[in-house]
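Trainee: Just passing along the structure, written as structure tokens.
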Amino acid sequence: MEQRKGRRLILFPLPFQGHINPMLELANILHLKGFSITIIHTNYNSLNPSSHPHFTFHSISDGLSESEASAKDILRLISLLNVKCVEPFRECLASLLSDVSEEPVACLISDAIFHFAQSVADRLKVPTVVLRTGGASSFTVFAAFPQLREKGYIPIQDSRLEEPVSEFPHLRVKDLPVLKRWESEECYQLVEGMSNGFKTSKGLIFNTFEELEEQALGKIRQHFPIPIFPIGPFHFPTASSSLPLSTEDESCITWLNSQAPKSVIYVSFGSIAAINEAQFLEIAWGLANSKQPFLWVIRPESIHGGSQWLELLPSELLENFNVRGNIVKWSPQKEVLSHPAVGVFWAHNGWNSTLESICEGVPMICMPCFTDQMVNAIYVTNIWKIGLQLEKGADRGEIERMIRRLMQEKEGEEIKARSLKLMEKANLCFKRGGSSYQSLDGLVKHILSLESFVFGTQ
Ligand code: UDP
């Protein structure tokens, strides 16, 4: 813990697991650097202050009705939050800024997807630094959405799925980071808000490291005239700081303790992605037929079609699972990935999961579902070459073959070796003089230099 800076930072996370975790990890990093931390959070997926007693928490009403809050349409939910939170957020921020009993506020750090936060902060004359919780490479694609639309790549047409995208030679049309092939105008507005909203901000933080996404970071620096701070992977210096919205089932760690080194396939598709019943059964049969031990996270709401949890699985499969498998509703993922028994991560390639796997040197089977996951999966398989991509809709035979390639064949050995090399790079970036270490130093100095702006104008 560094000497206290006598300055407070106000952080505003988007209320989804994949956004809360990195924001709280960032909060912990900056707390260790000597800043006091205040978190503004919505009622929706409300945070539990007792989990971080060294931070101050303020809850705002998000104005969502019960049906809006429970709807499965994530895009609609985010759009609603961007409208309904404006006034409660403005009131809360204004009251925090005027509270002279607390340390002065150095800046607001808000999630890039909460694009309204920038203009609210501008009006209250508090500088903003924006956090993009996704990777830099996918961000460059989001930022190019207007051109991609102009050129007719999106909305995605079935006849062009395999066509390479001229602006992004690694990507095919089907790898573009959309939610659905035919997006609504609402989606484009949201992407535009995210990739433009921070132009008047004082800086952009990425949960990545220079060596991993050098090209994309270079491109962003060229196009956006604000300082860019790649200071990830956030969870490295602050391993225990995320805040699960579901209860973590620790029993899986005891189970992992009884498995052979590098033998287990860990399967998890994050906190939002869902699969259909046919896919669910193919995955189950593929895992059973592979004869490898596996740990599978199945969130109760993650199977489309009304099934509650495991009732779709035939009894013969469940018996097989009892011998070789372990199914939980939510795992302590970072602990799982760092466990010596885990040999492969079958992931949806959400950015946090991808980074967590890279940091532990665990090779991946990539099955992206939507948005940035598509781009992340291409980087894992074709650029960093630390995983293999499984097409969505793969059948049990393809799944079994994929597991064999990665866990038993020479190709898998090579992928494993590259994963370990990349892990070493990730480890180095936080050592004294490493890229993220230096970038974090730069961020701290930058935040402290913003003071003159706040206090000069208020
Ligand atoms: N996670 C977890 N336990 C699980 C599944 C996921 O702790 O059983 C965590 C995971 O470690 C990651 C986050 O939830 O930090 C998911 O974020 P990601 O960006 O990978 O995917 P998203 O949920 O946003 O699609």
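Quick note: the sequence shown uses our numbering, first residue 188, plus one each step.
All residues carry an ideal CB built from backbone N, CA and C; glycine is no exception.
1. Identify the residues that DSSP records as bridge partners of residue 453: which are they?
2. Using the rule of at least 16 other Cβ atoms within 10 Å of the residue's Cβ for burial, across every protein chain shown, is residue 577 buried or exposed?
3. Using CA coordinates, which residue listed in 323, 480, 196 and 418 is at the minimum distance from residue 289?
4. Taking residue 236 as the reference, which of 430, 518, 383 and 257 has the closest Cα?
5. Report yes or no: do the segment 578-588 and the segment 379-397 share at least 3 C-beta pairs separated by less than 8 Å?
6. Using only the alpha-carbon positions, how far apart do residue 414 and residue 389 sit?
7. Is the segment 374-391 close to the segment 325-338, with three or more CB pairs under 8 Å?
8. For the beta strand (DSSP E) that residue 513 lies in, which residues bound it at each end?
9. With contact counted as at least three CB pairs below 8 Å, one residue from each stretch, are the segment 414-423 and the segment 588-608 in contact?
10. State the Cα-Cα distance for the pair residue 224 and residue 291, rounded to the nearest angstrom.
11. Distance check for residue 347 and residue 320, CA to CA, integer angstroms please.
12. Less than 7 Å separating the Cβ of residue 586 from some heavy atom of ligand 1?
13. Have a look at residue 349 and residue 616 and give me their C-alpha separation to the nearest angstrom.
14. Taking the alpha carbon of residue 340 as the reference point, which residue from 206, 520, 308 and 364 has its own alpha carbon closest?
15. Hey, would you say the C-beta of residue 446 is under 7 Å away from at least one heavy atom of ligand 1?
16. CB of residue 442 to nearest heavy atom of ligand 1: below 7 Å?
17. For residue 640, collect the residues of the same chain with a Cβ closer than 6 Å to its Cβ; drop the 5 residues on either side in sequence, then sort them by chain order.
18. Is any heavy atom of ligand 2 found at a distance shorter than 7 Å from the C-beta of residue 484?
19. Go through the segment 378-459 residue by residue and report every complete run of the beta strand (DSSP E) that reaches 3 residues or more, in order.
20. Is the beta carbon of residue 213 closer than 8 Å to that of residue 318?
21. Can you find a heavy atom of ligand 1 that lies under 7 Å from the Cβ of residue 205?
22. If you run the structure through DSSP and keep just helix, strand and coil, what is residue 291?
23. Excluding sequence positions up to five away, which residues of its chain have a Cβ less than 7 Å from the Cβ of residue 580?
24. With DSSP as the reference, identify every bridge partner of residue 206, one or two as the case may be.
25. What are the start and end residues of each continuous alpha helix (DSSP H) run of 4 or more residues lying completely inside the segment 188-243, in chain order?
26. Would you say the beta carbon of residue 208 comes nearer than 7 Å to a heavy atom of ligand 1?
27. Suppose you measure from the CA of residue 643 to the CA of residue 637; what does that come to, to the nearest Å?
28. So, for residue 574: in the same chain, excluding its five sequence neighbours on each side, which residues have a beta-carbon less than 6 Å away from its beta-carbon?
29. Three or more C-beta pairs closer than 8 Å, one from the segment 525-538 and one from the segment 506-514: is that the case here?
30. Considering only residues of the same chain and omitting the five flanking positions on each side of residue 335, which have a CB-CB separation below 6 Å?
31. Based on DSSP bridge pairs, tell me the residues matched to residue 589.
32. Can you say whether residue 228 is buried or exposed, counting buried as having 16 or more other CB atoms within 10 angstroms of its CB?
33. Does ligand 1 have a heavy atom nearer than 7 Å to the CB of residue 571?
34. May I have the straight-line CA-CA distance separating residue 200 from residue 596, to the nearest angstrom?
35. Using DSSP with H/G/I as helix, E/B as strand and the rest coil, what is residue 355?
36. Starting from residue 305, follow the alpha helix (DSSP H) in both directions and report where the run begins and ends.
Mentor: According to the structure shown:
1. According to DSSP, residue 453 bridges with 482 and 532.
2. buried
3. 196
4. 430
5. no
6. 7 Å
7. yes
8. Residues 512-515.
9. no
10. So the alpha carbons of these two residues sit roughly 11 Å apart.
11. 30 Å
12. Using a cutoff of 7 Å, the CB of residue 586 does not count as near ligand 1, since none of the ligand's heavy atoms is closer than that.
13. 36 Å
14. 364
15. Checking the Cβ of residue 446 against ligand 1 gives no.
16. Incorrect: residue 442 has no Cβ contact closer than 7 Å to ligand 1.
17. Its pLDDT being 47, under 50, residue 640 is placed unreliably in this model, and the value from its coordinates should be taken loosely. These residues qualify, in order along the chain: 314.
18. Ligand 2 is absent from the structure shown, which contains only ligand 1.
19. Inside the segment 378-459, DSSP marks whole beta strand (DSSP E) runs of 3 or more residues at positions 391-393, 415-417 and 451-455, from first to last along the chain.
20. yes
21. Yes, the Cβ of residue 205 comes within 7 Å of a heavy atom of ligand 1.
22. coil
23. 466
24. Answer is none; residue 206 lacks a bridge partner.
25. Complete alpha helix (DSSP H) runs here, min 4: 204-219.
26. yes
27. Because residue 643 sits at a pLDDT of 42, beneath the cut-off of 50, its placement in the model cannot be relied upon, and the following sentence gives the value as read from the coordinates. Straight-line Cα distance between these residues: approximately 10 Å.
28. 550, 551, 553, 567 and 568
29. No contact exists between the segment 525-538 and the segment 506-514.
30. 341
31. DSSP lists no partner for residue 589.
32. buried
33. no
34. 42 Å
35. Residue 355 sits in a strand when the DSSP states are folded into three classes.
36. For residue 305, the enclosing alpha helix (DSSP H) covers residues 303-310.
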